[in-house]
Amino acid sequence: MTHAKTLAAALLAAALAGTALAHDTGTHRHDGHGHDHSPAPRKSDSPATKAFREVGARMHGDMEIAYTNDVDVDFVRGMIPHHQGAIGMARVALQYSKDPEVRALAEAIVKAQDGEIAQMRAILRRKGAQ
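Mind the numbering: the sequence shown is residues -22 to -1, 1 to 108 in mature numbering (1 follows the signal peptide of the UniProt record, and there is no 0), read in order.
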């Protein structure tokens, strides 16, 4: 796998893995894997890393929904901020990446996730659960 494909796969996996993150002391970490998902900026953070931290923190906070015991409503309400997080990450990539393959993947993610968010909002309207 090329470096660009590996990076693109990692970006997509990170966007999709939000619900699998372990929780400890109020921050999200993959302990033992070297990935700190806390929003706290570091002096060494690049502008892109700072932006990714902000997107991730917002996504995780927004995914903390009040469950209704309606699997359809709960699924959609949780997935909307998850998809918004993927769009946010893709926009960071579009702002900072120079890699054409990563940029193309990010553009495709924005388009696909926007469409799915619209579909999920329509489901909520249909169910009277906006």
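All C-beta atoms in this analysis are idealised placements derived from N, C-alpha and C, irrespective of residue type, glycine included. Predicted model, so just to flag it, every value in this text is computed and none were measured.
Asked                                                                                                                                                        : Found
Using a Cβ-Cβ cut-off of 7 Å (strictly less than) and excluding sequence neighbours within five positions of Met98, which residues of its own chain qualify? : Val54, Met57, Ile58
In this structure, does DSSP put Glu42 in helix, strand or coil?                                                                                             : coil
Report the rounded CA-to-CA distance for His38 versus Lys105, giving the unit in angstroms.                                                                  : 25 Å
Confirm, please, whether the CB-CB distance from Ala26 to Val80 is below 9 Å.                                                                                : no
Mind checking which residues open and close the alpha helix (DSSP H) that includes Glu90?                                                                    : As written in the sequence, residue 90 is Ala, which differs from the Glu given in the question. Counting along the chain, the alpha helix (DSSP H) containing Ala90 begins and ends at 78 to 104.
Taking all protein chains shown into account, decide if Gly93 is buried (16 or more other Cβ within 10 angstroms of its Cβ) or exposed.                      : exposed
Between Ile65 and the rest of its own chain, which residues show a CB-CB distance below 6 Å, the 5 nearest in sequence each way excluded?                    : Val88, Gln91
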